[in-house]
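Residue 598 in my numbering sits at position 28 of the sequence shown, and the numbers go up by one each step. Glycine included, each C-beta is placed from N, C-alpha and C at the ideal position. Quick caveat: nothing in here was measured; it's all calculated off a predicted structure. Written below as structure tokens is the structure these notes are about.
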Amino acid sequence: MKHIPQLFLRLALGIGFILPVLDRFGWLGAPGSENVGWGSWPIFVDYTNSLMPYLNRSTTNIMAILATAGEVIFAILLLIGYKIRLAAIGSFFLTLIFALSMLFFAGYRAPFNYSVFVVSASSLLLATISEYKWSIDKD
571 MKHIPQLFLR
581 LALGIGFILP
591 VLDRFGWLGA
601 PGSENVGWGS
611 WPIFVDYTNS
621 LMPYLNRSTT
631 NIMAILATAG
641 EVIFAILLLI
651 GYKIRLAAIG
661 SFFLTLIFAL
671 SMLFFAGYRA
681 PFNYSVFVVS
691 ASSLLLATIS
701 EYKWSIDKD
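Here it is as structure tokens:
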């Protein structure tokens, strides 16, 4: 029974990373559609730039690509159960950076309204679990 919460946490984090990626590529609907946050890559880059206003547009695009690549990698690793601890640590740092950027550039409520600190803390908690029963590599 003690392994069910870590499996649930792993799956929730993995799905939580992959859905925004699908959204920013427009695969969940067009911009402005119900339940769509971005709906296109340029809108996502605009949002990323709002969280990194000190960067120029081309550098922001690179940061958006890196964040998206990280989210895809972490999502896949968490969902299939491979290198869970490494994926959890990486997702902790990625979401902590995102939460801090939101805190400083989108207002103090933004990272709490979207539970970004909760996701970051959840990733850190997942990284501290000693055994991942349902995993490929059973770290």
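task: Using three-state DSSP, classify PHE595 as helix, strand or coil.
output: coil
message: Spatial neighbours of LEU666 within its chain, please: C-beta separation below 7 Å, excluding the five flanking residues on both sides.
response: SER690
query: If you count every other CB in all the chains shown that lies within 10 Å of the CB of GLY602, and 16 or more means buried, which is it?
result: exposed
field: Beta-carbon proximity list for LEU577, same chain, < 6 Å, skipping 5 on both sides
entry: Cβ within range, chain order: TRP704.
- prompt: Under 7 Å, do ALA697 and ALA658 count as touching if we go by C-beta distance?
  reply: yes
Alpha-carbon spacing of ILE585 relative to ASN619, whole angstroms: 24 Å
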